[in-house]
Amino acid sequence: MTDTIETPQPSGGTRAEARDRAGHFSELRLNGISRAHGAHVALHPLELTITGGEFIALLGPSGCGKTTALSCIAGLLPLTAGSIELDGRRIDTLPPEKRGFGMVFQNYALFPHLTVRANVAFGLKMRKRPKSEIKARVEEVLRLVRLTGHAHKHPGQLSGGQQQRVAIARAIVLEPPLVLMDEPLSNLDAALRLDMRAEIRRIHQEFGLTTLYVTHDQEEALSLADRLVVLDSGHVAQIGTPAELYESPASAYVAAFMGYRNILSLEVESADAEAVTAAGRGLRLPGRVSAGARLKPGDRVQVAIRPEDVRVAAEDTGGTGGSGGSGGSGGSGGSGASGEPGLFDAVAEVVEYHGRGFHIDALTPAGDRIHLRTDRRVAPGDPLRLTAPAQRVLVFPGAAPPAGAAVSRSGAAA
70 MTDTIETPQP SGGTRAEARD RAGHFSELRL NGISRAHGAH VALHPLELTI
120 TGGEFIALLG PSGCGKTTAL SCIAGLLPLT AGSIELDGRR IDTLPPEKRG
170 FGMVFQNYAL FPHLTVRANV AFGLKMRKRP KSEIKARVEE VLRLVRLTGH
220 AHKHPGQLSG GQQQRVAIAR AIVLEPPLVL MDEPLSNLDA ALRLDMRAEI
270 RRIHQEFGLT TLYVTHDQEE ALSLADRLVV LDSGHVAQIG TPAELYESPA
320 SAYVAAFMGY RNILSLEVES ADAEAVTAAG RGLRLPGRVS AGARLKPGDR
370 VQVAIRPEDV RVAAEDTGGT GGSGGSGGSG GSGGSGASGE PGLFDAVAEV
420 VEYHGRGFHI DALTPAGDRI HLRTDRRVAP GDPLRLTAPA QRVLVFPGAA
470 PPAGAAVSRS GAAA
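Here is the structure:
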C-alpha cells in the first residue's frame, strides 16, 4: 500500500496553543536511576536532566539498557535505586497512568475495529473530556500528522507508515509532558523509515513536544535528536549533541556507533598531547589523541576511522581502469610500518555499487579488513593504496576491540 503524505492545512492559533500546552514543564531529572534483576544490573545509575522541548535519543545495541531506562521512566518497571523528578516533584512512585507520558512502541497496538478518528479519540474519552474538546483536539492532531483524509478508515486499510502516525497521534492528542518512543520505526521498510524520520522530527517541532527516543540506529539518532545518550551494558558511555559525539566520540565503543567502522588494534610509536602515530600489522597511521587520553610509546591503542575518510591515493593501480593511473604498489608490500605515514596497501575484496559511488571491503596484507567509500571504479582483486588524513583518525587507549565495534553499513550495531 502506498504511503501518501497530505499537505497540512492552516489551523489558525490552535497549533500554537497546543505547543504551549504540550511543552509546559521545565525539566525532568533522572537522579541516579538504576534497575537490577537479582544479581544482574540492567541499568547502572543514570544521571540525566531533560529540558522541556528537547529531543533525546537513547542509543546502543540490544541489551545495553536503553529500553530498560525508558520503561523505568514510563513507570512500567520499578526503580532499584534513584528517583525521577518532574519540575521538582518526585514521580517515580506514581503508576504509569498518573505520570501522564505518551507512549509509542514498535507494535502500534491500534484497535482494529475502530476508525482512525476513534483510535485517536480513545484516550480523551477515557478521561471523560467534553465532546467538543475531543472533536477539536482530534481534528487538530490529525491535521498535524497529515491523516485528515484517512480519519474514517480502519487500521487494516492503512500502510505501515500511516499506522505509525496514528499511534503517534494517539499519544500526543493527550498533550503529554513527555513522549516516549521505543524503536518506533523498526517494523518499517528502509524508504519508509526515512520518510517517517522526517515526520517525527516535524511533529516534535510543530507540536512543541519533549521526546525520549530509543534506537539502535546511529543515523536515526543523529538526524532526530538534540542530544544523544549512548549506553554500554547499562552504563552511560557518553552524553552530548550529535556533532559532539560524531566529531569527538569519548571511546572506541562510541566511535563504533558514530560510523567509525574501521577500528584497528595497534601500538603507539610516538605521541604528544594532541598527535600520535600508531603502528603495527604493516600499518603506520598518524592521528588525533582522544580527549583526556595520555599515551606513550608502546601503549596499545584502538585506531578508529570512518569509511568516508579512507581515500584511494592518487597512485593506486585501479586495475579495471580506475582514474588512479597504472603505477602503484601492487597491494602486497610497499607502505609497511616503516613506509610513509598514513599510506598503506590493501586488496579490494567486496565491491558494492551504490549509485553515487562504491562501498568497498578491502584486506590489508596482515588480514585487517578496511571499509571505504570511493567514486572510483574498483573491482574485486584490485590492489589499492589507501590513505587517511591524520585529523580524521582517532586514537583511543585500549588493547581490545570495543563491544559493538562490528557495525552495519549505516554505522549502527550489527
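Using the numbering used here, the first residue of the sequence shown is number 70, and each one after it goes up by one. Using N, Cα and C, we set each Cβ at its ideal position, and we do this for glycine too. Only a predicted model underlies this, so the values are computations on that prediction, with no experimental measurement involved.
message: So, with DSSP's three-state summary, where would you put SER152?
response: The count along the sequence shown starts at 1 and reaches residue 152 at position 83. Strand at SER152.
query: Assuming ARG296 and GLY309 make a contact with CB atoms under 8 Å, what is their CB distance in whole Å?
result: Sequence index remark: in the sequence shown, residue 296 carries index 227 (1-based). Sequence index remark: in the sequence shown, residue 309 carries index 240 (1-based). Yes, they are in contact, since the Cβ atoms of ARG296 and GLY309 sit about 7 Å apart, within 8 Å.
query: How long is the line joining the alpha carbons of LYS194 and VAL214, rounded to whole angstroms?
result: Position 125 of the sequence shown, counted from the start, is the residue given in the question as residue 194. Position 145 of the sequence shown, counted from the start, is the residue given in the question as residue 214. Approximately 20 Å, taken between the alpha carbons.
- request: Could you work out which residue in ARG363, ASN331, LYS365, GLU96 is closest to ARG442 when comparing CA atoms only?
  value: Translated into positions along the sequence shown, residue 442 becomes position 373. Comparing Cα positions, the closest option is ASN331.
- request: Assign TYR177 to one of two classes, buried (16 or more other C-beta atoms within 10 Å of its C-beta) or exposed (fewer than that).
  value: If you number the sequence shown from 1, residue 177 lands on position 108. That one is buried.
message: Quick check on the DSSP output: the beta strand (DSSP E) that includes ILE102 runs from which residue to which?
response: Translated into positions along the sequence shown, residue 102 becomes position 33. Where ILE102 is concerned, the enclosing beta strand (DSSP E) stretches over 96-106.
HIS106, buried or exposed, once every other Cβ within 10 Å from all chains shown has been counted against 16: The count along the sequence shown starts at 1 and reaches residue 106 at position 37. HIS106 should be labelled exposed.
- request: Could you round the C-beta distance between CYS133 and ASP368 to whole angstroms and report it? I think they count as a contact, below 8 Å.
  value: The count along the sequence shown starts at 1 and reaches residue 133 at position 64. The count along the sequence shown starts at 1 and reaches residue 368 at position 299. Not quite, the Cβ-Cβ distance comes to about 27 Å (not below 8 Å), so this is no contact.
field: Nearest-angstrom Cα separation, counted from GLN233 out to GLU268
entry: The residue given as residue 268 occupies position 199 in the sequence shown. The residue given as residue 233 occupies position 164 in the sequence shown. Spanning the two alpha carbons is a distance of roughly 10 Å.
message: Taking the straight line between their C-alpha atoms, what separation do you get for HIS541 and LEU261?
response: Residue 541 cannot be examined here, being either before or after the span of the chain that is shown, 70 to 483.
message: Could you compute how far the alpha carbon of VAL420 sits from the alpha carbon of MET265?
response: Taking the sequence shown and counting its residues from 1, one reaches residue 420 at position 351. Taking the sequence shown and counting its residues from 1, one reaches residue 265 at position 196. Going by the C-alpha atoms only, they are around 30 Å apart.
message: For ARG353, report the span of its beta strand (DSSP E) as first-last.
response: For the purposes of this step, residue 353 is taken as the residue at position 284 of the sequence shown. First-last of the beta strand (DSSP E) with ARG353: 352-358.
query: Could you give the distance in angstroms between the alpha-carbon of TYR322 and the alpha-carbon of GLY129?
result: Mapped onto the sequence shown, residue 322 falls at position 253. Mapped onto the sequence shown, residue 129 falls at position 60. If you take the alpha carbons of TYR322 and GLY129, they lie about 10 Å apart.
task: Check whether the Cβ of HIS93 lies closer than 8 Å to any Cβ atom in chain C.
output: In the displayed structure, chain C is absent; only one protein chain is listed.
Backbone CA spacing between GLU289 and VAL416 [nearest angstrom]: One-based indexing of the sequence shown puts residue 289 at position 220. One-based indexing of the sequence shown puts residue 416 at position 347. Those two C-alpha atoms are separated by around 32 Å.
- request: Kindly indicate which residue of GLY171, GLU116, PRO199 has the alpha-carbon position closest to the one of LEU249.
  value: Translated into the one-based positions of the sequence shown, residue 249 becomes position 180. Comparing Cα positions, the closest option is GLY171.
task: Note down, in chain order, each residue of its chain lying with its Cβ closer than 6 Å to the Cβ of GLY121, except the 5 sequence neighbours on either side.
output: Within the sequence shown, the letter at position 52 stands for residue 121. Cβ neighbours of GLY121 beyond the five flanking positions: GLY92, PHE94, SER95, THR279.
- request: Can you give me the Cβ contacts of HIS223 inside the same chain, cut-off strictly under 8 Å, excluding the 5 residues immediately before and after it?
  value: As a working note, residue 223 is residue 154 in the sequence shown. Cβ neighbours of HIS223 beyond the five flanking positions: PRO181, HIS182, LEU183, THR184, VAL185.
message: Taking the beta strand (DSSP E) that ILE429 belongs to, which residues open and close that run?
response: One-based indexing of the sequence shown puts residue 429 at position 360. It spans 427-432 - the beta strand (DSSP E) in which ILE429 sits, taken as one unbroken run.
- prompt: Between LEU364, SER317, LEU352, ALA325, which lies nearest to SER339 when the distance is taken from Cα to Cα?
  reply: Looking up residue 339 in the sequence shown gives position 270. The residue with the shortest Cα to Cα distance from SER339 is LEU364.
- prompt: Short check: CB of LEU293 to CB of ARG271, under 8 Å?
  reply: For the purposes of this step, residue 293 is taken as the residue at position 224 of the sequence shown. For the purposes of this step, residue 271 is taken as the residue at position 202 of the sequence shown. No; because the gap between Cβ atoms is not below 8 Å, this pair is not in contact.
task: Could you pull out every residue in the same chain whose Cβ sits closer than 7 Å to the Cβ of LEU291, ignoring the five residues on either side in sequence?
output: In the sequence shown, residue 291 corresponds to position 222, counting from 1. Same-chain partners within the cutoff: PRO311, TYR315.
task: Find out if the Cβ-Cβ distance for the pair THR346, LEU333 is shorter than 8 Å.
output: Reading the sequence shown from its first residue, position 277 is the one you call residue 346. Reading the sequence shown from its first residue, position 264 is the one you call residue 333. No, Cβ-Cβ distance for THR346 and LEU333 is not below 8 Å.
query: Would you call HIS319 buried or exposed, if buried means 16 or more other Cβ atoms sit within 10 Å of its Cβ?
result: To locate residue 319, count along the sequence shown from 1; it is residue 250. For the sequence presented, residue 319 should be read as Ala rather than His. ALA319 is buried by the Cβ-count criterion.
message: Check this for me: beta carbons of ALA431 and LEU453, under 8 Å apart or not?
response: Position 362 of the sequence shown, counted from the start, is the residue given in the question as residue 431. Position 384 of the sequence shown, counted from the start, is the residue given in the question as residue 453. Yes. Within cutoff.
message: In the DSSP output, which residue or residues are listed as bridge partners for SER334?
response: Walking along the sequence shown from the start, residue 334 turns up at place 265. Bridge partners of SER334: GLN371.
query: Would the stretch 150-162 and the stretch 202-211 be scored as touching if the rule is three or more Cβ pairs under 8 Å?
result: no
task: Select from GLY467, ALA325, TYR422, LYS200 the residue whose C-alpha is nearest the C-alpha of ALA448.
output: By one-based count along the sequence shown, residue 448 stands at place 379. Closest by alpha carbon: TYR422.
query: What are the boundary residues of the beta strand (DSSP E) that includes VAL299?
result: The residue labelled residue 299 in the question sits at position 230 within the sequence shown. Here the beta strand (DSSP E) through VAL299 covers 296-301.
- prompt: What residue does the alpha helix (DSSP H) around PRO311 start on, and which one ends it?
  reply: Walking along the sequence shown from the start, residue 311 turns up at place 242. PRO311 -> alpha helix (DSSP H) spans 311-316.
query: When the Cα atoms are used, what is the spatial distance from ASN100 to GLU336?
result: Translated into the one-based positions of the sequence shown, residue 100 becomes position 31. Translated into the one-based positions of the sequence shown, residue 336 becomes position 267. Taking the straight line joining both Cα atoms gives about 39 Å.
- prompt: Exposed or buried, what is VAL464 when buried is set at 16 or more other beta-carbons lying within 10 Å of its beta-carbon?
  reply: By 1-based counting over the sequence shown, the position of residue 464 is 395. The residue is buried, with at least 16 neighbouring Cβ atoms inside 10 Å.
query: If ALA382 and THR456 are in contact, beta carbons under 8 Å, what's the gap, nearest whole angstrom?
result: Residue numbering aside, residue 382 sits at position 313 when the sequence shown is read from its first letter. Residue numbering aside, residue 456 sits at position 387 when the sequence shown is read from its first letter. Right, their Cβ atoms sit about 5 Å apart.
query: Can the beta-carbon of VAL235 be found closer than 8 Å to that of LEU216?
result: Mapped onto the sequence shown, residue 235 falls at position 166. Mapped onto the sequence shown, residue 216 falls at position 147. Yes, the pair counts as a contact, with Cβ atoms nearer than the cut-off.
query: Around the Cβ of PRO165, are there at least 16 other Cβ atoms within 10 angstroms (buried) or fewer (exposed)?
result: For the purposes of this step, residue 165 is identified with residue 96 of the sequence shown, where counting begins at 1. With fewer than 16 Cβ atoms within 10 Å of its Cβ, PRO165 is classed as exposed.
task: Pull up the distance between the alpha-carbon of GLY229 and that of ALA348, whole angstroms please.
output: As a first step, residue 229 is located in the sequence shown; it is residue number 160 there, counting from the start. As a first step, residue 348 is located in the sequence shown; it is residue number 279 there, counting from the start. Going from the Cα of GLY229 to the Cα of ALA348 covers about 50 Å.
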